[in-house]
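Comments concern the structure below.
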Amino acid sequence: MWMLILEGLAIGGLLGLTGAGGGILAVPALMASQGWTVAQAAPVGLLAVTLSALVGTFEGLFKKIVRYRAALWIALISIPSARYGVHLGGIISPVWLTLAFSLVMLVVAYRIFFKKVNDHTGVLCKVNQTTGRLIWNMKTALSLGAIGVVAGLLTGLLGVGGGFVIVPVLSKVTDLDMRSIVATSLMIIFLIGGVSISAHILDGFQYPVSVTLTFVLAC
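Following this line, the structure appears as structure tokens:
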């Protein structure tokens, strides 16, 4: 039980600090401590990360650094892919799910160790320097929509929050400052996570109450 609490505290702290990384660690942590498969750990890890992201979302909204229109748009576009990801997670064998998760973790590790500094030149989604908000046009809508499709699929399939995709891509395609990117990412994680959790429940997933409550409260 103490291991579960320590895992939750570490993951919640990482998520709040970076806007990413919580879900990608929550699932393997639960697999290791509880002996679960990816399919068993994903919904529990996702619930904890989603509720933890909600706290950061409120803080970002209070500070007025969340680009909520972008978050809502990305979440809206993610609904079909998140639902499809949950469906795939239910029919793919545990071995293939574990391999897919391992591949995602390798990609994340590569990005961490070989990260390039982004100078915001030639970004697709520009910020209005007067208002601090994104300038909406077709290019902005398509770029952010693509983030929603990928993040939704990974969230539904693997139970990751998608922050490891959202944060670097927002940094690449927009000239938002990092505080806004992290805060906006947390809102997106909360919204997409809510969609995927609803899909898991509709598919009949039963949350183990004691482990879920302990992990969620720790996060």
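Here the sequence shown is numbered in this note's numbering, starting from 3 and rising by one per residue.
Using N, Cα and C, we set each Cβ at its ideal position, and we do this for glycine too.
Use the C-beta contact count for residue i: other C-beta atoms within 10 angstroms, 16 or more gives buried, fewer gives exposed.
| i | result |
| --- | --- |
| ALA73 | buried |
| LEU159 | buried |
| VAL97 | exposed |
| GLY91 | buried |
| GLY229 | Coverage of the chain is limited to positions 3 through 221, which leaves residue 229 absent and any answer about it impossible. |
| ALA201 | buried |
| ALA111 | exposed |
| THR186 | buried |
| VAL169 | buried |
| THR176 | buried |
| VAL218 | buried |
| LEU204 | exposed |
| LEU16 | buried |
| ILE93 | exposed |
Which residue marks the beginning of the alpha helix (DSSP H) containing residue i, and which one marks its end?
| i | result |
| --- | --- |
| LYS174 | 165 to 175 |
| THR52 | 40 to 65 |
| LYS141 | 140 to 160 |
| TYR86 | 70 to 93 |
| PHE197 | Reading off the sequence, residue 197 comes out as Val, not Phe. VAL197 -> alpha helix (DSSP H) spans 180 to 204. |
| THR214 | 211 to 220 |
For residue i, decide whether its Cβ has a neighbour in chain D, counting only Cβ atoms nearer than 9 Å.
| i | result |
| --- | --- |
| LEU108 | The structure shown has no chain D; it contains just one protein chain. |
Is the separation between the beta-carbon of residue i and that of residue j shorter than 9 Å?
| i | j | result |
| --- | --- | --- |
| SER54 | GLY87 | no |
| VAL106 | LEU188 | no |
| ALA77 | GLY150 | yes |
| ALA220 | ILE7 | yes |
| GLY47 | LEU32 | yes |
| LEU27 | ILE79 | no |
| ARG71 | LEU172 | no |
| THR39 | ILE199 | no |
| LEU49 | THR214 | yes |
| GLN36 | ALA43 | yes |
| ALA84 | LEU155 | yes |
| VAL129 | LEU178 | yes |
| GLY10 | THR157 | no |
| ALA232 | TRP75 | Residue coverage of the chain in this structure runs from 3 to 221, which leaves residue 232 outside it and unanswerable. |
| SER182 | GLY134 | yes |
Can we say the stretch 123 to 133 touches the stretch 43 to 63, given the rule of at least three CB pairs closer than 8 Å?
Taking a cut-off of 8 Å for Cβ pairs, the stretch 123 to 133 and the stretch 43 to 63 do not touch, as fewer than three such pairs fall below it.
I'd like to know if the stretch 144 to 164 and the stretch 180 to 200 are in contact, where contact means that at least 3 CB-CB pairs between them fall below 8 Å.
Three or more beta-carbon pairs separated by less than 8 Å link the stretch 144 to 164 to the stretch 180 to 200, which places the two stretches in contact.
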